[in-house]
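Peer 1:
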Amino acid sequence: VTPTASLSGAFSSGGWLRGVQGFTWTGADVGSGLRYAETVVDGATRAVTEHPCDIDRIAGQWRGRKMQPCGTAAAGSHTIDTNRLSDGPHEVTGCATDFAGSRGCSTPAILRTDNNAPSAPRGLGVVGGDDWRSGNSFALKWTNPDQGVAAPIAGLRYRITGPGSFDSGVLGAGSAEELAGLTVPGAGSYQVAVWLVDAADNENPAASSAATLRLDDVDPVAFLLHPEAETPELLRTTISDEHSGPAGGVISYHRQGGGEWRDLATRFESEGANGSLSATFSSDDLPPGRYDIRTRVRDLAGNETISDRRPDGTKLVLKAPLKDETRLDARLVGPRTSGRSIHIPFGKPAKLRGRLTGDGGRGVGGVTVSVLQRPGAGARSGRAVRLLRTGSDGGFALNLAPGTSRRVAVSFAGDRRHSESSAGSLRLGVKGSLGFKAKPTRLKTGQKVRFRGRVRSGPARHPSRGSVVAIRYFERSTKSWRPVLVTRTDRFGRYRASYRFRYITGLAKIRLRATLLPSQDFPYLPANSRPATVRVRG
Numbered sequence: 001v002t003p004t005a006s007l008s009g010a011f012s013s014g015g016w017l018r019g020v021q022g023f024t025w026t027g028a029d030v031g032s033g034l035r036y037a038e039t040v041v042d043g044a045t046r047a048v049t050e051h052p053c054d055i056d057r058i059a060g061q062w063r064g065r066k067m068q069p070c071g072t073a074a075a076g077s078h079t080i081d082t083n084r085l086s087d088g089p090h091e092v093t094g095c096a097t098d099f100a101g102s103r104g105c106s107t108p109a110i111l112r113t114d115n116n117a118p119s120a121p122r123g124l125g126v127v128g129g130d131d132w133r134s135g136n137s138f139a140l141k142w143t144n145p146d147q148g149v150a151a152p153i154a155g156l157r158y159r160i161t162g163p164g165s166f167d168s169g170v171l172g173a174g175s176a177e178e179l180a181g182l183t184v185p186g187a188g189s190y191q192v193a194v195w196l197v198d199a200a201d202n203e204n205p206a207a208s209s210a211a212t213l214r215l216d217d218v219d220p221v222a223f224l225l226h227p228e229a230e231t232p233e234l235l236r237t238t239i240s241d242e243h244s245g246p247a248g249g250v251i252s253y254h255r256q257g258g259g260e261w262r263d264l265a266t267r268f269e270s271e272g273a274n275g276s277l278s279a280t281f282s283s284d285d286l287p288p289g290r291y292d293i294r295t296r297v298r299d300l301a302g303n304e305t306i307s308d309r310r311p312d313g314t315k316l317v318l319k320a321p322l323k324d325e326t327r328l329d330a331r332l333v334g335p336r337t338s339g340r341s342i343h344i345p346f347g348k349p350a351k352l353r354g355r356l357t358g359d360g361g362r363g364v365g366g367v368t369v370s371v372l373q374r375p376g377a378g379a380r381s382g383r384a385v386r387l388l389r390t391g392s393d394g395g396f397a398l399n400l401a402p403g404t405s406r407r408v409a410v411s412f413a414g415d416r417r418h419s420e421s422s423a424g425s426l427r428l429g430v431k432g433s434l435g436f437k438a439k440p441t442r443l444k445t446g447q448k449v450r451f452r453g454r455v456r457s458g459p460a461r462h463p464s465r466g467s468v469v470a471i472r473y474f475e476r477s478t479k480s481w482r483p484v485l486v487t488r489t490d491r492f493g494r495y496r497a498s499y500r501f502r503y504i505t506g507l508a509k510i511r512l513r514a515t516l517l518p519s520q521d522f523p524y525l526p527a528n529s530r531p532a533t534v535r536v537r538g
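If you're matching positions, the sequence shown starts at 1 in this note's numbering and goes up one per residue.
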């Protein structure tokens with residue numbers, strides 16, 4: 001008769017086991033009695049118990065000293081180190097063998113073992129990113145590693161550490177791939193480490209992933225600085241934020257008694273926990289009056305502070321204008337003439353003179369004024385800018401080389417202490433120059449006199465259609481020059497013309513000259529040639 005066997009233990013619940021596990025076995029037999037009890041895993045005997053029997057070894061074989069040498073019932077326990085098994089499910093049975101050699105086993109059961117901790121969470125990160133935030137609530141997300149045939153993930157452990165030796169200790173949560181509702185004790189940067197626990201209670205804090213929790217719920221500190229005497233329009237703000245650090249801001253103003261706040265173009269600089277703002281308060285462009293100044297700053301966590309105070313606790317109020325008012329006077333000086341608009345002969349130089357003064361008529365020395373010369377249409381040269389340094393009395397001068405007619409603009413761009421000013425536009429007119437010849441100088445009524453000459457261009461281009469030249473004679477009775485004819489130069493400035501005298505009787509002395517007429521394409525003023533005299537006899 002085959003003996004019967006049974007096996008029970010922690011595995012019977014179907015859970016996952018690790019380490020050394022105990023197994024309870026029983027056996028029964030109605031014949032020769034029980035000789036061995038075995039615990040078998042995946043067909044291999046892992047533990048065995050030999051029962052006491054009334055036997056002797058005779059001729060190399062065990063022989064019973066009576067008809068039923070072994071007991072007919074037995075019970076006991078075995079231990080198996082599951083570390084020697086692979087992770088995953090195994091088939092386990094309990095078997096009993098009687099003295100006659102018959103073997104009976106229990107119905108196979110499943111033994112689930114896992115002795116290795118899960119690997120670290122994959123892709124652990126803070127929901128919404130790990131940047132600084134002002135709200136004390138954090139959530140983590142990750143992906144659990146694939147356990148294969150091993151025990152599934154059953155839970156997690158986490159630990160938060162941070163400033164001031166803060167340590168939350170080991171905390172636990174469920175097996176979901178996210179952890180929400182995390183908080184930290186105060187502003188600062190904290191580290192959270194997360195590791196996993198499987199269904200066999202395996203865990204390894206070293207197999208963890210970490211993320212950073214950054215909380216800043218403290219507003220930055222900002223103060224306005226009073227402008228320095230050398231830079232009265234330069235406004236500055238100091239910023240400090242010991243946690244996330246300054247992120248930027250703006251400086252604003254509004255006129256006392258009403259008006260909305262207006263933002264200035266503001267420059268931001270930072271280094272670690274400290275920063276600064278700077279802006280220019282262009283008081284010259286504002287109506288005179290008193291103006292309140294304030295600053296609005298923010299940190300990297302989004303906290304914002306608005307302040308109108310200086311470090312001593314007082315408000316910053318400025319009066320416009322802040323800069324000294326300046327006045328720029330300039331004039332042109334030429335041969336026997338001076339003023340804001342002068343005419344000079346062809347080929348002659350001129351000079352620019354001026355003075356920059358401030359409040360009370362005091363000269364503003366050591367600053368730069370700009371002189372812009374804009375030649376008229378047709379000039380070969382373009383706009384030219386010269387920078388002049390004022391003397392100790394604010395005076396300046398510039399030699400203007402011979403050239404075409406031009407406009408001269410003098411300006412002072414202002415600086416940190418002085419307002420900008422301009423002398424407006426000055427006009428330097430240059431008279432044209434042309435030659436004139438008449439031949440013959442003696443002729444009779446009915447004969448032609450021929451005129452020729454050339455218009456000088458200097459540093460200019462002749463108009464493509466030429467310049468218009470008028471030939472005139474002097475009328476003694478009215479003492480004025482009367483037109484004879486009008487001609488036009490070629491592209492080189494040369495002109496030729498002729499005139500026939502028809503109604504002269506007796507002897508007449510006639511004074512003639514050529515006049516260059518004004519043109520929008522030629523940068524010179526009208527000009528007259530030297531007169532020539534012809535004698536006509538009729």
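For every residue, glycine included, the Cβ atom is placed at its ideal position computed from N, Cα and C. Model, not experiment: these values are computed from the prediction.
Classify Thr82 as helix, strand or coil using the three-state DSSP reduction.
Peer 2: In the structure shown, Thr82 sits in a helix (DSSP, three-state: H, G or I).
Peer 1: Using the Cα positions of Ser13 and Leu34, report the straight-line distance between them to the nearest angstrom.
Peer 2: Ser13 and Leu34: Cα-Cα distance of roughly 28 Å.
Peer 1: Out of curiosity, what's the CA-to-CA distance linking Glu242 and Gly125?
Peer 2: Approximately 25 Å, taken between the alpha carbons.
Peer 1: How would you call Leu485, buried or exposed, if buried means at least 16 neighbouring beta carbons within 10 angstroms?
Peer 2: Exposed.
Peer 1: Determine the extent of the beta strand (DSSP E) in which Ile58 is found, giving its start and end residues.
Peer 2: Note, Ile58: beta strand (DSSP E), Ile55 to Ile58.
Peer 1: So the candidates are Gly446, Leu17, Val40 and Asp114; which of them puts its Cα closest to the Cα of Trp25?
Peer 2: Considering only alpha carbons, the answer is Val40.
Peer 1: Compute the distance between the beta-carbons of Arg496 and Arg465, then report whether it is under 9 Å.
Peer 2: Cβ atoms of Arg496 and Arg465: not closer than 9 Å.
Peer 1: Let me know the alpha helix (DSSP H) ranges lying completely inside the stretch 105-163, each 4 residues or longer, listed in chain order.
Peer 2: Segments of the alpha helix (DSSP H) lying fully in the stretch 105-163: there are none.
Peer 1: Based on Cα-Cα distance, which residue from Gly365, Arg454, Pro402 and Lys437 lies nearest to Asp415?
Peer 2: Nearest of Gly365, Arg454, Pro402 and Lys437 to Asp415, Cα basis: Gly365.
Peer 1: So, with DSSP's three-state summary, where would you put Gly360?
Peer 2: DSSP places Gly360 in helix when its eight states are reduced to three.
Peer 1: Starting from the C-beta of Pro349, find all residues in its chain whose C-beta is less than 7 Å away, skip the five residues before and the five after it, and write them out in chain order.
Peer 2: If we look at Pro349 and ignore the five residues flanking it on each side, its Cβ neighbours are Asn399, Leu400, Ala401 and Pro402.
Peer 1: Between Ala273 and Trp132, is the Cβ-Cβ spacing less than 9 Å?
Peer 2: Cβ atoms of Ala273 and Trp132: not closer than 9 Å.
Peer 1: I believe Thr445 touches Val536 by the beta-carbon criterion, under 8 Å. Please report the beta-carbon distance rounded to the nearest angstrom.
Peer 2: Right, their Cβ atoms sit about 6 Å apart.
Peer 1: Given that a residue counts as buried once 16 or more other Cβ atoms are within 10 Å of its Cβ, and exposed if not, what is Ile110?
Peer 2: When all chains shown are included, Ile110 counts as exposed.
Peer 1: Excluding the five sequence neighbours on either side, which residues of its own chain have a C-beta within less than 6 Å of the C-beta of Gly378, listed in chain order?
Peer 2: Cβ within range, chain order: Ala460, Arg461, Asp521, Phe522 and Pro523.
Peer 1: If you drop the 5 nearest sequence neighbours on each side, which residues of the same chain put their C-beta closer than 7 Å to that of Ser265?
Peer 2: Contrary to the premise, residue 265 reads as Ala rather than Ser in this sequence. Closer than 7 Å at the Cβ level, and outside the excluded window around Ala265, lie Ala279.
Peer 1: Is it true that the CB of Arg500 sits closer than 9 Å to the CB of Ala532?
Peer 2: Going by C-beta atoms, Ala532 is not nearer than 9 Å to Arg500.
Peer 1: Quick check: Asp198 and Pro163, are their CB atoms within less than 9 Å of each other?
Peer 2: No.
Peer 1: Spatial neighbours of Ala47 within its chain, please: CB distance less than 8 Å, with the 5 preceding and 5 following residues excluded, ordered by chain position.
Peer 2: Correct list, in chain order: Phe23, Glu38, Thr39, His78, Thr79 and Ile80.
Peer 1: Terminal residues of the continuous beta strand (DSSP E) containing Asn399?
Peer 2: That run of the beta strand (DSSP E) goes Gly395 to Leu400.
Peer 1: Starting from the Cα of Ser498, find the closest Cα among Val149, Ala413 and Gln447 and give me that residue.
Peer 2: Answer by Cα proximity: Gln447.
Peer 1: From this set, Leu286, Pro227 and Ala247, which residue's C-alpha is nearest Asp299's C-alpha?
Peer 2: Answer by Cα proximity: Ala247.
Peer 1: Since Asp542 and Asn136 are thought to touch, with beta carbons under 8 Å apart, how far apart are those beta carbons, to the nearest angstrom?
Peer 2: Nothing about residue 542 can be read from this structure; the chain reaches only from 1 to 538.
Peer 1: Go ahead and label Ser421 buried or exposed: buried means 16 or more other beta carbons lie within 10 angstroms of its beta carbon, across all protein chains shown.
Peer 2: Ser421 is buried by the Cβ-count criterion.
Peer 1: Could you check which residue in Ala74, Gly354, Phe99 and Gly43 has the C-alpha nearest to that of Arg65?
Peer 2: Residue Phe99 is the option with its Cα nearest to Arg65.
Peer 1: Let me make sure I understand the geometry here. Which of Ala210, Lys319 and Ser307 has the alpha-carbon closest to that of Arg255?
Peer 2: Measuring from the Cα of Arg255, the nearest candidate turns out to be Lys319.
Peer 1: Compute the Euclidean distance between the alpha carbons of Ala508 and Phe396, then round it to the nearest angstrom.
Peer 2: Each residue's alpha carbon lies about 56 Å from the other.
Peer 1: With DSSP as the reference, please indicate the residues paired to Leu17 in a beta bridge.
Peer 2: Beta-bridge pairing links Leu17 to Thr113.
Peer 1: Kindly indicate which residue of Glu178, Glu233, Asp292 and Leu277 has the alpha-carbon position closest to the one of Asp285.
Peer 2: Measuring from the Cα of Asp285, the nearest candidate turns out to be Glu233.
Peer 1: Which two residues bound the contiguous beta strand (DSSP E) that contains Tyr291?
Peer 2: Tyr291 -> beta strand (DSSP E) spans Gly289 to Asp299.
Peer 1: Can you tell me whether DSSP reads Phe412 as helix, strand or coil?
Peer 2: Reduced to three states, the DSSP call for Phe412 is strand.
Peer 1: Under three-state DSSP, which class holds Ser12?
Peer 2: Correct three-state label for Ser12: helix.
Peer 1: With distances taken Cα to Cα, identify the nearest neighbour of Ser381 among Gly458, Phe138 and Ala59.
Peer 2: The residue with the shortest Cα to Cα distance from Ser381 is Gly458.
Peer 1: Alpha carbon to alpha carbon, what distance is there between Gly258 and Arg267?
Peer 2: Going by the C-alpha atoms only, they are around 26 Å apart.
Peer 1: Which residues in the same chain have their Cβ closer than 6 Å to the Cβ of Leu215, if we skip the five residues on either side of it in sequence?
Peer 2: So the list reads Asn136, Val184 and Ala187, once near-sequence residues are dropped.
Peer 1: Tell me the DSSP secondary structure of Asp284 in three-state form.
Peer 2: In this structure, Asp284 counts as helix in the three-state DSSP scheme.
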